[in-house]
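Residues in the sequence shown are numbered from 3 upward in steps of one, following my numbering.
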Amino acid sequence: MAPDKFAGTLTAAEAARAMADGWASVRPGDEVVLVPMADGGEGLIAVVEAAVAGAVPHRVEVADARGIATEATWVLLPDGRAVIEAAQACGLSKLDPQARNPKLATSYGVGQLIAAAAATGAREIVVGVGGTASVDGGGGLVTALGTRLLRADGNRVKVGGEFLDQVARIEAAPPLGVPVVAALDVGSPLFGPVGAVAVFALQKGAAPGDLPQLEQAMVRYADIVERDLPGGPWRDRPGAGAGGGIGFALMAFLGATVAPGAETVAGLVGLHAALDGADVVVTGEGSLDAQTGAGKAPAVVAGLGRAAGARVLAVAGRVEPGAADRFDDVRDLGPNGMTHATELVRVRSAELAAALA
């Protein structure tokens with residue numbers, strides 16, 4: 003059982019347990035192994051902390067997307083790697099809908115998490131990038147690490163996506179001294195029709211009329227970053243737009259290597275070993291849709307499951323046409339099903355078990 007979370011309703015662990023309970027109600031003799039998954043966005047820390055023996059959680063106070071103090075957790079693994087979830091700091095789900103405003107939201111807290119992990123001597127920092135409330139190009143993140151984003155008058159630029167077009171000069175902080183891996187939940191470029199603003203700003207609380215300003219500011223910011231820092235351009239690299247541009251900042255300022263989020267998590271939680279000898283894999287998430295095939299956890303689980311010779315089944319809150327093609331059987335929770343998600347996941351998993359030839 004290797005589902006992602008059912009966003010806003012069930013954690014990945016809760017979904018996996020409900021799937022296991024439903025399956026066992028029909029096939030009690032089967033050996034069922036639970037491997038809750040994530041794709042680098044919200045839920046990453048909970049999944050890794052539960053799955054990796056000897057993982058040590060570190061709780062620190064950081065700024066949330068509004069700049070208000072919040073508690074966030076990062077994890078140090080036994081092999082010396084640190085795992086950070088950007089959404090722990092500036093996660094969209096941490097804000098009430100009326101408090102969401104990507105024009106002002108900041109990724110500053112993510113930089114604080116990176117600094118905290120680096121200070122402990124971690125040999126590598128893995129940053130799960132998705133699920134953020136910000137569209138600030140990672141400007142807040144790098145500011146927290148000591149970089150100065152300066153206006154033409156020499157004063158610092160304010161935090162938030164709407165102020166990025168005021169950046170006239172960059173004074174980069176010294177190198178972090180720790181390798182960074184950006185575990186990306188999407189492959190979007192920084193801007194353009196499938197970029198951080200066009201695709202994600204509305205769901206983060208922007209009004210349609212805000213999009214041109216945010217897009218223009220992001221372009222201006224990228225121009226200055228790529229002028230003042232060596233090694234670019236980064237704007238069109240897959241994943242630069244992840245996390246509202248955090249992917250771009252990690253590449254440009256920290257020299258991060260890029261990795262697909264769900265594949266990274268699969269390695270961290272031992273999914274490959276769990277699939278060895280498995281006959282059936284059950285996965286799922288809140289919505290199987292057009293984004294699922296772009297590296298989301300159920301698609302990665304499906305690919306790994308098929309490669310291991312298993313049948314791949316899925317349960318989802320809703321299923322868009324065409325999204326079920328990669329699975330042998332899919333069941334959705336039906337209209338308003340997320341209201342009783344735990345029980346319905348059990349029921350649909352039992353249906354899959356009963357239908358198994």
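C-beta: ideal position from N, C-alpha, C; glycine also. All values derive from a computational prediction rather than experimental measurement.
I'd like the span of the beta strand (DSSP E) that includes S289, first residue to last.
Its beta strand (DSSP E) spans residues V282 to L290.
Is G211 helix, strand or coil by DSSP?
In the three-state reduction of the DSSP assignment, G211 falls in the helix class.
Do the CB positions of A107 and A67 come within less than 8 Å of each other?
Going by C-beta atoms, A107 is nearer than 8 Å to A67.
Between the Cα of V283 and the Cα atoms of F329, A264, A357 and L216, which residue gives the shortest distance?
Nearest to V283 by alpha-carbon distance, out of F329, A264, A357 and L216, is F329.
In three-state terms, what does DSSP make of L216?
In the structure shown, the three-state DSSP call for L216 is helix.
Closest by C-alpha distance to G243, when choosing among A71, L306, D278 and A224:
Residue A224 is the option with its Cα nearest to G243.
Given a threshold of 16 other Cβ atoms within 10 Å of its Cβ, counted over all protein chains shown, does Q100 qualify as buried or as exposed?
Counting the other CB atoms within 10 Å of its CB gives Q100 a total below 16, which places it among the exposed residues.
Closest Cα partner of V201 within the set I127, T11, K298 and G245:
Here the closest residue by C-alpha is G245.
Taking only the alpha-carbon atoms, compute the straight-line gap between C92 and T285 and give it to the nearest angstrom.
Each residue's alpha carbon lies about 27 Å from the other.
Count the other C-beta atoms from every protein chain shown that fall within 10 angstroms of the C-beta of A301, then say buried if there are 16 or more, exposed otherwise.
Per the 10 Å Cβ criterion, buried.
Sorted by chain position, which residues of the same chain lie with C-beta nearer than 6 Å to A20's C-beta, five sequence neighbours on each side aside?
Spatial neighbours of A20 in its own chain (CB-CB distance under 6 Å, excluding positions within 5 residues in sequence) are listed in chain order as T344, V347 and R348.
Could you round the C-beta distance between V169 and L151 to whole angstroms and report it? I think they count as a contact, below 8 Å.
Sure, about 5 Å apart at Cβ, within 8 Å.
What span of residues does the beta strand (DSSP E) with L152 cover, start to end?
Run containing L152: R150 to L152, per the beta strand (DSSP E) assignment.
For R320, list the residues DSSP reports as bridge partners.
Bridge partners of R320: S289.
Give the secondary structure of I226 by DSSP, where H, G and I count as helix, E and B as strand, and everything else as coil.
The answer is helix: DSSP assigns I226 an H, G or I state.
Tell me the residue span of the beta strand (DSSP E) that contains L186.
Taken as a continuous stretch (DSSP letters only), the beta strand (DSSP E) holding L186 covers V182 to L186.
Cβ neighbour criterion (16 or more within 10 Å) applied to V58:
Its Cβ having fewer than 16 others within 10 Å, V58 is exposed.
Closest Cα partner of V112 within the set A146, L97, L204 and D81:
Distances from the CA of V112 to each of A146, L97, L204 and D81 were compared; the closest alpha carbon is that of A146.
Rounded Cβ spacing between L354 and A325 (contact assumed at less than 8 Å)
Their Cβ separation, rounded to whole angstroms, is 17 Å, which puts L354 and A325 out of contact at 8 Å.
Whose C-alpha, out of E63, G207, L79 and T341, is nearest the C-alpha of G163?
The residue from E63, G207, L79 and T341 with its alpha-carbon nearest to that of G163 is G207.
Cβ-based neighbour list, G132, same chain, cut-off 8 Å, excluding 5 preceding and 5 following:
Closer than 8 Å at the Cβ level, and outside the excluded window around G132, lie D41, G42, G43, E44, A88, A89, L186, D187, V188, A244, G245 and G263.
Is the region 301–321 in contact with the region 266–280, if contact means three or more CB pairs nearer than 8 Å?
Yes, they touch.
Classify P5: buried if its beta carbon has 16 or more other beta carbons within 10 angstroms, exposed otherwise.
Counting Cβ neighbours within 10 Å, P5 comes out buried, since at least 16 surround it.
DSSP has F255 in a bridge; who is on the other side?
Answer is none; F255 lacks a bridge partner.
Please classify I86: does DSSP put it in a helix, a strand, or coil?
DSSP, read as helix, strand or coil, puts I86 in strand.
Please indicate yes or no: does the CB of P262 lie closer than 7 Å to some heavy atom of the ligand FAD?
Of ligands this structure carries none, so the ligand FAD is not represented either.
Within the same chain, show all residues whose beta-carbon is closer than 8 Å to that of A52, passing over the 5 residues directly before and after it, in chain order.
So the qualifying residues of the chain are A15 and P38.
Quick one, are the C-beta atoms of A22 and M3 less than 8 Å apart?
Yes.
Alpha-carbon to alpha-carbon, A316 and A55
Their Cα atoms are separated by approximately 27 Å.
Is it buried or exposed for T341, if we count other Cβ within 10 angstroms and need 16 for buried?
It is exposed - the Cβ of T341 has fewer than 16 other Cβ atoms within 10 Å.
Range of the contiguous beta strand (DSSP E) that encloses A74:
For A74, the enclosing beta strand (DSSP E) covers residues A71 to L78.
Bridge-paired residues (DSSP) for D41
Under DSSP, no beta-bridge partner is assigned to D41.
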